[in-house]
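Engineer:
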Amino acid sequence: MAIEAVLFDFSGTLFRLEEDPSWTDELVDADGRAFDVHEKAEILRRMTAPVQQLVEFDEAGQYAWDNRDLDPALHRRAYLEVLRKSGVPTEEQAARLYGRLIDPLAWTPYPDTGTVLEFLAGHGVRTAVVSNIAFDVRPAFATRGWDALLDAVTLSYEVGAIKPDPRIFRAALDKLGVAPEAALMVGDSAVADGGASALGCRFALVDPLPTAERPDALVDALRAHGLAVPR
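Basically the working numbering = 1-based index in the sequence shown + 1.
So this is what it looks like as structure tokens:
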């Protein structure tokens, strides 16, 4: 069956939150000491690796972490705790860093994101973003004029389901009006994004590398499934 729709993950697939050293330039500890380069690098790593649990939580914190992509309030609580346990001493500093994480305009698209979205729209293949996330990513597309290239955006906190729960994929497919067997899911997690396979979707895995190191993985993924995106 020909592919009629492509579902894309957001983080690590279409966009990536790149490390920006300027975000931590003003960080100081409780004694007023500036963070050293290694401490800053670790905080940035913990911000830009949003699917890995890198600190220990109490029971309430663990609940917030486990359910962060279903509720913006839990997401905020979980990440402020991550930053606190990573050495960020004040609520103000942690909140400022957290604001970077949830700012869709702070995320960088992969070099071929626009290419594949434009190709699919131009060839009548429907597209959707399907993301485990607790903030609205639509402005990341709208600011580049790519919102017109998407047929649906399905976010976990809006639909109440987290990948690999089939309900989130079903919600996207229903919006597109496409059967699972005619859809391809592209994402960076074999567990979460690969869950679409349980419904009958095809699946393509991409590596969530820094954007400068992954120029054409989306193009390759689509070409491997019979969609002749130009290089």
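Cβ coordinates follow ideal geometry from the N, Cα and C atoms, glycine included.
Alpha carbons only, please: which of Pro112, Pro73, Leu98 and Leu102 is nearest the one belonging to Pro216?
Structural biologist: Comparing Cα-Cα distances from Pro216 to each of Pro112, Pro73, Leu98 and Leu102, the minimum goes to Pro112.
Engineer: Among Lys164, Cys202, Ala172 and Glu214, which has the Cα closest to the Cα of Ser190?
Structural biologist: Nearest option by C-alpha distance: Lys164.
Engineer: Alpha carbon to alpha carbon, how far is Asp32 from Ala153? Give it in angstroms, no decimals.
Structural biologist: Straight-line Cα distance between these residues: approximately 49 Å.
Engineer: Quick one: any contact between the region 200-208 and the region 85-99, if contact means 3 or more CB pairs under 8 Å?
Structural biologist: No: the two stretches stay apart, fewer than three of their Cβ pairs being nearer than 8 Å.
Engineer: Would you say Thr109 and Phe9 are within 8 Å of each other, going by their C-beta atoms?
Structural biologist: Not a contact, by the Cβ cut-off of 8 Å.
Engineer: Taking 6 Å as the limit between beta carbons, can you name the residues of its chain near Ala79, skipping five residues before and five after?
Structural biologist: Contacts found: Ala65, Trp66 and Arg69.
Engineer: Relative to the C-alpha of Pro211, which residue among Ala3, Pro181 and Ser12 is closest?
Structural biologist: The shortest Cα separation from Pro211 among Ala3, Pro181 and Ser12 belongs to Ser12.
Engineer: Assign Thr144 to one of two classes, buried (16 or more other C-beta atoms within 10 Å of its C-beta) or exposed (fewer than that).
Structural biologist: Thr144 should be labelled exposed.
Engineer: Taking the Cβ atom as the reference point for each residue, do Ala225 and Ala205 lie within a distance shorter than 8 Å?
Structural biologist: Cβ atoms of Ala225 and Ala205: closer than 8 Å.
Engineer: So what does DSSP say about Thr212, is it helix, strand or coil?
Structural biologist: Looking at Thr212 - three-state DSSP - the assignment turns out to be helix.
Engineer: Measuring straight from C-alpha to C-alpha, what distance separates Ile169 and Gly123?
Structural biologist: Looking at the two C-alpha atoms, the distance is approximately 26 Å.
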